[in-house]
Structure formats: C-alpha cells, structure tokens
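**Student:**
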Amino acid sequence: MYLVYTFEKNEDPSTLTKALWNIKVGHQIVSSSNGDQLWVTDPKYVQAALEVVNIWKYDPEKLPLVQLDRSKQDKQTLQGALKETPISYLFLFSTFVVCFLTQLGENLEVVRYFLISPIYVQAGQLVSFPLTQVLQSGEWWRLVTPTFLHFSALHVIFNALWVWDLGRKIERYVGSIKWLLGALFVSIGANVAQYLISDTVFFGGLSGLVYGLVGFGWIAPYLSGGIPILISKPLFVFFVVWLAIGFTSLTESIGLGAIANTAHVTGLVFGLGFGALYGLAARNRKV
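Just so we're aligned: 140 in the UniProt record's numbering is position 140 of the sequence shown, and the numbers increase by one with no gaps anywhere.
#1: Smallest Cα separation from C99: which of S117, G205, A276?
#2: Can you give me the start and stop residues for the beta strand (DSSP E) that S152 sits inside?
#3: Apply the 10 Å Cβ neighbour rule to A190 and answer buried if 16 or more other Cβ atoms are within range, or exposed otherwise.
#4: If you draw a straight line from the C-alpha of L143 to the C-alpha of L149, how long is it?
#5: Check each candidate in T251, T200, V241 and name the one with the smallest Cα separation from P130.
#6: Take V186 as the anchor and find which of T85, W56, V265 has the nearest alpha-carbon.
#7: Quick check on I116: does DSSP put it in helix, strand or coil?
#8: Among the residues of its own chain, which have a CB less than 6 angstroms from the CB of A220, if the five just before and after it don't count?
#9: Beta strand (DSSP E) containing Y2: first to last residue?
#10: What is the rounded straight-line gap between the Cα of L104 and the Cα of L135?
#11: Could you tell me whether the region 242-261 touches the region 178-185, using the rule of 3 or more Cβ pairs below 8 angstroms?
#12: Along the chain, which unbroken stretches of the beta strand (DSSP E) at least 3 residues long are found entirely within the region 21-47?
#13: Assuming contact is defined by CB atoms lying nearer than 7 angstroms, are V40 and V66 in contact in what I supplied?
#14: Taking DSSP as the reference, what is the three-state secondary structure of V121?
#15: So what does DSSP say about F274, is it helix, strand or coil?
#16: For R168, tell me which candidate among L82, T145, N22 has the shortest Cα-Cα distance.
#17: From this set, V156, G217, F158, which residue's C-alpha is nearest G273's C-alpha?
#18: Anyone know if the C-beta pair for Y2 and V25 falls short of 7 angstroms?
#19: When DSSP labels each residue in this structure, what does L280 get in the three-state scheme?
#20: Closest to P43 by CA distance: which of K57, T85, N10, Q37 is it?
#21: Can you tell me the Cα-Cα spacing of V127 and I119, whole angstroms?
#22: Let's test the definition: count the other Cβ atoms within 10 Å of the Cβ of Y173 and tell me whether it reaches 16, buried, or not, exposed.
#23: Where does V201 fall in DSSP's three states?
#24: Am I right that G35 and K57 are in contact with their C-beta atoms under 8 angstroms? What's the rounded C-beta distance?
#25: Just to check my reading of the structure: residue 343 and L268 have Cβ atoms closer than 8 angstroms, yes? What is that Cβ distance to the nearest angstrom?
#26: Would you call the CB atoms of A183 and L209 closer than 7 angstroms?
#27: Per DSSP, what kind of secondary structure is S14 in: helix, strand or coil?
#28: Nearest to I259 by CA position, among V121, I197, W141, is which residue?
#29: Comparing C-alpha positions only, which one of V240, S207, F203, A193 sits nearest to W164?
#30: Is DSSP giving V127 helix, strand or coil here?
#31: Rounded to whole angstroms, what is the Cα-Cα separation between F96 and F236?
Have a look at this one:
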C-alpha cells in the first residue's frame, strides 16, 4: 500500500473517501500518531488519488464530477510494475523457470542442481552429500535454490499467487532492498531447518517464504498503527489452520503429497520476528 496524504487534525476524510470509492479506487484510512493517513491499495492509482485530494482540498464542489481514466492507469501499471516490485517478479520468474526446467520435479537430472545437496547413485540408491561438505565446496547458492523447486502445479500456483499479492504489497511498503534481504534470510532459514529435521533433500517451494510474508504482514501493522493492514485476521487464521493440517495425513490422502512442515513453521516464526522488529521500530520512530 502507498501513503498518499496525511490529514490535518480538523480535516474530515469522509467526503474524500466517498469520492474515491465512487471511482473505485481502493484505499484505507489509517490512524497514526501524526494523524489519519490515506493509503491506496494499488500504486497505479496514487497519482489519481493525489488529484482527488487536491480537488477535495481546494475545489470541493467539483468532487462529485471526478472521473478516472482507467486506460491511462492500466498503461502506467504495465510500464511501472517491474520497477515498483522487481524482487517479487524476480522470485516469481525464477520459480516458473525452475518449474519448467525440472518439469515440476520429474526431471531428476535437472532437479539435482536445485536441491540443497546434490544427489548421486550409490549401491543402487540415491544418496546426498552432507550439507557441510556442500558448503565447503562453495555451493552456497544451494541454500536458496530449493525455494524455487515445486513438485505439483497446484503447489506452485498457490504459492505464486501469495507472492504476487502479499509479496508485492510488502515490497512496496518496506522497499525492494529490505524485501530481498528478508526474503533471502527467511528462505535460507526455512530450507536449512527443513534439511536438518527431515531425512531427505527432496523438498522445495516458496511456502516457507509465503509463511514469512504472512507472519510479517499480520504482526507489523498490529504493533504499529502507522502501517496499513497487509493481511486480514481471518486469512492469518486460515494459514495457521493449514499449517496445523500439514502435520496430519490429510494432505497426502487428498493427493497434495507430504508437506514441508518445518519450512512452514520456520518461515512463519522468522516472518513474525522480522515483522515485530519492523513494527516496533516504526512505532518508536513516531514517538
């Protein structure tokens, strides 16, 4: 979400918000120590919202006549999308490329390059190298690459949708550099934890990162009133319930396969931790 305007203490946002809803510009009024703030949910409408704010402040009688040229906004979106959230698009693009190359995990010759540890055949069985040996050989990139591995179409679609939605929201708010550093930290932590707890290197997916986004998106606004709501409480509860279901055999019985539960839990914990630090820091800056 994007901050558009901070209201003065004597300003009533009701007529402005009505005008914005009339032209279908999604927005939210957030209370902060500096006063109420207007945030828009889509960056392509920032300029339009600013124009409506100016009309509301200086020429309010024209407010009912405001209209939005959506074709212009759509062009601006296509032109600026990659520039606004490049890291989210990078993660999505990398994921789809890896899914194509590995044929969703079917091509083991390619899959082995993205596993946290390479596999080889020994005495007729697939075995892998210890992670310490892998890192000593300089293959540090393997700490990240399992994030892009997926083993079913449903798995990659579900994860990609949340990176597309929640990931881009968070990147717009915290900035691309912080988003990248946080995403790498969460992904590496989730992958290493899953490797240490499980007895296999055959795991992967954006799920750990998605749970990190969920944790951050829920707790950061909760701790700082100046951060817009990034994920609703019911949706957060859904993810927690789904996390619990992952520890049962239900997912395998309905054809979704085994769940990398440790990666999910680690991602959520890291996301909550980062979100708490960010939210508290944001609140302290306003005190």
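The C-beta atom is built at its ideal place from N, Cα and C for all residues, glycine as well.
**Tutor:** Looking at the coordinates:
#1: G205
#2: Here S152 belongs to no beta strand (DSSP E), and DSSP marks it neither H nor E.
#3: buried
#4: 12 angstroms
#5: T200
#6: V265
#7: coil
#8: I227, G275, Y278, G279
#9: 2-6
#10: 26 angstroms
#11: no
#12: 27-30, 37-40
#13: no
#14: strand
#15: helix
#16: L82
#17: G217
#18: no
#19: helix
#20: T85
#21: 5 angstroms
#22: buried
#23: coil
#24: With 8 angstroms as the limit, G35 and K57 do not qualify as a contact, their Cβ atoms being about 15 angstroms apart.
#25: Outside the modelled stretch of the chain, which goes from 1 to 287, sits residue 343, for which no answer is possible.
#26: yes
#27: helix
#28: I197
#29: S207
#30: strand
#31: 26 angstroms
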